[in-house]
Structure formats: C-alpha cells, structure tokens
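Read through the structure below, which is laid out as structure tokens, and then see the notes.
Protein chains in written order, with the working numbering: chain P, 1 to 273; chain W, 274 to 546.
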C-alpha cells in the first residue's frame, strides 16, 4: 500500500474537505485513504485548518462524538467580498444591458459559474450559523446561485415552480401578489420536497418589492416550515415600498439614469462586516 | 509579510486550483499570495499534480506562454463512477418514487448538491477534451447538474426557457415535437446568450425519445452554433425509438416492473472506460 508524505496528505485532505462544505468527514476516511495513523492525520488537519484560516478561505471545525470528524465551513474575507461587489457593479453598468421596460439584463451574470460561485460563498457565509434544512428558490434565474448556497451549507436545494408538473407528484400551490406589478401569480411545490417543521432560507437573483419572498413565506407555512433568512444578488432600491424588511443583498440597483445607464453600488452590508 | 511552509502553500494551491476548474491560474497569483519564488511554487505544484493524479482526483496541466500558468482539470476514477451509478440506482428504486403516469420522482436527486456534484464531475470528465464554449440545458430540473458541468469545464451555462421573458431582451423561439408525447412545444433563448459559431454540449436530467435534444440542435442552428455532445443522468431505455443516436448517461431506466417498482442499472458506459 502506498505511503504518502505530509505534503501529499494535506493536498488530498484539502481537496476532500473543501469539496464537501458543512459535511462531517470521519477521520477514518483519511487514515484509510493515506494509510496513516489517526494522530498523523490530526496533525495534517491542523495545518489545513491554520492555512485556510490565515488565507481567509473558510475554516475547519472538529465535530465530537461517535459520528464525529472534521468539516469545512466556507468563508471569505470582508475585503474580498467588497472587491467582488465593486467588480460586479462595474460589469452591470457596462455595455447595452438596459432592455425595454427599464430592466437590466443579468442572465449572463446569473449563469456564469465563476461569479455565481463567489456570490454563493458570500451569501452562504452570512447564513452559516442558522443551521437550516433547505435553501429555497423560485425558478429560473436564481437557481444556480441558490444551488451554490445550498452546496456551501451542505443542505438540499428546493425549487418552487410556476406551475405544477406531472413528474413531481402531488403539489401545493398558492397565489401571491407580485409586489411591483400588482399581478396575481401562482407558485407550486411538490408535497415530497420539504419535511414538516423545517428551517429554510430563500435565495434569488433580484429583489424588487418582495412579493415573491412574501409568497415563499406563505408557501412554507403550508409545509409547517419557516423562513429564517433571505439573500439576493441585486436589491432594487428604486422600489422603496418593500413588503419584506430583513434581507441580505450583494449589490444595490438604483435604477436607470438620464443617460440610459444602470446605476449600482455595493450593498452597505460589507461596511458592517 | 508572512512566510508560508511548503505544507501551507500546497494547501492554498490545492484549494485555489480545484475551485477554479479549467481556468488558467498565473503562477504570479501564488508567488504573491505566498511571498515565494516562482521555482518554489513550481515545486509545490509538482506535489499537488502528482498527489491528485495518484488519488484519481483530476489532473493539473501547465499552460505555456505569456498568459500561461497552471489549470486544474476535474476527473474521477472509473471505479468511483461505477460505485456512484450503482448507489444512485439503489436510491431510485427505494420507497414510493413511482408517481401516476409511471414517472419516477427524481426531483430530490436533481436538487441534492452532493449527488449533483459527483454526477457533474463524471459528465464533465467525458466532455473535457471537446473544448466547448457553452453548456446548454432546458429549464428546470436539469439546471443544477448543467451548472456543475459548466463550472467543471470552466464555461458559461445557457438555460433555454419554455417561454420568452421580458428580462431577457429579444429572444429566438422554435417549436419542436416532444418525441414521446408527440406534442408540439416551444423553446426560447435570449439573442444575447450565445455567440455565433459556438460549440456546445447539452446536459439534462432525463432522456426519453430525445425530442428536447433534437429541439436544442435546431435552436443552436439559429445561433449558427453546433452541439458536440449530450449527457444525461438517466436514460429511459424503455423508449426504444430514439431521435438521437449518441449521448452519454449515468443510469439506465428500464421502466416500472409488475411489482410497481422502478428498474434501473448503471449505464454500460462505465464498462468501456
């Protein structure tokens, strides 16, 4: 059986831990993979823990008990989050992003894995302590971001549909009023998808008046579950009357200016961190 | 400025490389982060490369030239892929997954980040050599899987919608015939989302007759772009007449048996690998 050097072991341990955020990995996995004693692996983990902490790349926690081990919790420095938000603003004001109806074209951003991954880590870091069961989103544009947050928190993703689908079994549908357009819309969720008494967060691409978020709160009530937090990439602060009070955003959208350009700034969240 | 030991540097390098699949990272990033000479970093990278290769966890490639550096290419062993497919079959035959219409309930699987990540690495490994520009999917259930594949290949995700949306600007819509139900359906894609002359792969959750895949081929023609490959999680082999000849799947669905249970086996793809 192969013997591995410390350098090699920390490489493998880093990859396995960081690819499984918020999942407890038993040390036996590592002792068997590297054919090494538990004490040796424990020393390796100290190196990984200290390095990730030094580099503001998240942290490694020890989980005690029979089912114990170590787990990686994602993280990012305040400075890096702010730089990300500033760069995102620059991208969003560039080019011909304003489309008829004074919308801002963001589809390419929401489907860019590099951007979505970074935004996902920032949002997940905020909700790390809530100990939630599900990350909920509404189709379609916010799905990749919500998926990244769910992955970083080590929980299941739940996607609310606009219409019930035959492949999802029995569903619960509710009507809600879109806060900005005042239109009645429907959202629908498979009965099987959420267990009673669950704790959830809602992740989306864009927050206008918060009608969708209000709908999610009511939908979750049908599952006897509650919403503990809301995170969005962009918060439209031009829409002043909000149905929802507390939520976290990365970037603030201040509307389209007289020159036909979008105006954006980083969320003031990063000042408080 | 901090000095880092080799153990610490390989930890940081592993995290940065594996979190940015198929992206070329200039060695300057590492020399500045760790305050170390290029020759030292090169030695560190040799360790990371050899370890990941030894553990069948992907590979590290050197990219020559001024814009050069190193990049991580995801990978997984044939044995691990097969074990994953076998375990997935076990999960899919369990419990009350058969829903009216002889569908199999897979929503929880498609939204489980741990499963989706592993399936994404397996599919991305197959398409690594194609040098594609986009990973395309159709909303909704295949989005997390397609996102993972796009992330692993370091390219943009493209999500085809069922209806045009106001927030996506001008769109191209086509009609296609669903191969199994023979119904006419519509798919729609924003003009801005794909550049002319692009190479794409199509990723989805489930392949029945291949009507959707045929639709994607025709839609891509409108963008003067071509489809180079198709990958799905589950291939329904009960539907014998397929509109598409070549595609890769992880699991084969053989229908519902007399006892009302789904029958599944790992795809024979893993035998050939």
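Idealized CB from N, CA, C, for every residue including glycine. The model shown is predicted, which means the values in this text are computed figures rather than measured ones.
- Rounded to whole angstroms, the gap between the alpha carbons of residue 392 (chain W) and residue 299 (chain W) is 29 Å.
- For residue 177 (chain P), the secondary structure class from DSSP, reduced to helix, strand or coil, is strand.
- Segment contact: the stretch 355-362 of chain W against the stretch 307-321 of chain W, fewer than three CB-CB distances shorter than 8 Å; contact not assigned.
- In the three-state reduction of the DSSP assignment, residue 307 (chain W) falls in the helix class.
- Boundaries of the alpha helix (DSSP H) harbouring residue 282 (chain W): 279-292, taken from the DSSP string.
- When the alpha-carbon of residue 539 (chain W) is set against those of W:505, W:531 and W:329, the nearest one is in W:505.
- Using a CB distance below 8 Å, the part of the stretch 84-102 of chain P facing chain W consists of 99, 100 and 101, ordered along the chain.
- Assigned with DSSP and collapsed to three states, residue 472 (chain W) falls in strand.
- Taking the Cβ atoms as the reference, residue 36 (chain P) lies roughly 7 Å from residue 4 (chain P), within the contact range of under 8 Å.
- For residue 192 (chain P), the nearest beta carbon of chain W is closer than 8 Å to its own beta carbon.
- Residue 153 (chain P) sits close to residue 127 (chain P), with the two beta carbons spaced by under 8 Å.
- Non-local C-beta neighbours of residue 283 (chain W) in its own chain, meaning closer than 7 Å and more than five positions away in sequence, comprise 317, 320 and 321, ordered along the chain.
- Contacts with chain P at 8 Å (Cβ-Cβ) include residue 288 (chain W).
- Closest in C-alpha terms to residue 135 (chain P), from the list P:227, P:65, P:164 and P:188, comes P:227.
- DSSP places residue 229 (chain P) inside the beta strand (DSSP E), whose first and last residues are 226-236.
- If you check the CB distance, residue 432 (chain W) and residue 447 (chain W) do not come in under 8 Å.
- DSSP lists P:63 as the beta-bridge partner residues of residue 69 (chain P).
- Measuring C-alpha to C-alpha distances from residue 150 (chain P) to each of P:199, P:124 and P:239 identifies P:124 as the nearest.
- When C-alpha distances from residue 29 (chain P) are compared across P:271, P:67, P:77 and P:244, the shortest belongs to P:67.
- Exposed is the label assigned to residue 79 (chain P), since fewer than 16 other Cβ atoms lie within 10 Å of its Cβ.
- With fewer than 16 other CB atoms across the displayed protein chains lying within 10 angstroms of its CB, residue 403 (chain W) is exposed.
- Taking the CA atoms as reference points, residue 54 (chain P) sits about 18 Å from residue 70 (chain P).
- Of W:455, W:517 and W:463, the smallest CA-CA separation from residue 495 (chain W) is found for W:463.
- Separation of the CB atoms of residue 289 (chain W) and residue 304 (chain W) is rounded to 13 Å, and the pair is thereby denied contact status at 8 Å.
- As computed with DSSP, residue 524 (chain W) is found in a beta bridge with W:507 and W:539.
- Under the DSSP assignment, residue 160 (chain P) falls outside any alpha helix (DSSP H), being part of the beta strand (DSSP E) whose first and last residues are 156-160.
- Nearest to residue 535 (chain W) by alpha-carbon distance, out of W:379, W:366, W:330 and W:428, is W:366.
- Spatial neighbours of residue 242 (chain P) in its own chain (CB-CB distance under 7 Å, excluding positions within 5 residues in sequence) are listed in chain order as 209 and 210.
- DSSP places residue 352 (chain W) in the uninterrupted alpha helix (DSSP H) bounded by 351-366.
- Interface residue (Cβ-Cβ distance to chain W less than 8 Å): residue 239 (chain P) is not classified as such.
- For residue 328 (chain W), there is no enclosing alpha helix (DSSP H), as DSSP marks it with neither H nor E.
- At the C-beta level, residue 467 (chain W) and residue 358 (chain W) stay beyond 8 Å of one another.
- In terms of Cβ geometry, residue 236 (chain P) and residue 138 (chain P) do not form a close pair [threshold 8 Å].
- DSSP, read as helix, strand or coil, puts residue 107 (chain P) in helix.
- For residue 184 (chain P), the enclosing beta strand (DSSP E) stretches over residues 184-190.
- The C-beta of residue 481 (chain W) comes no closer than 8 Å to any C-beta of chain P.
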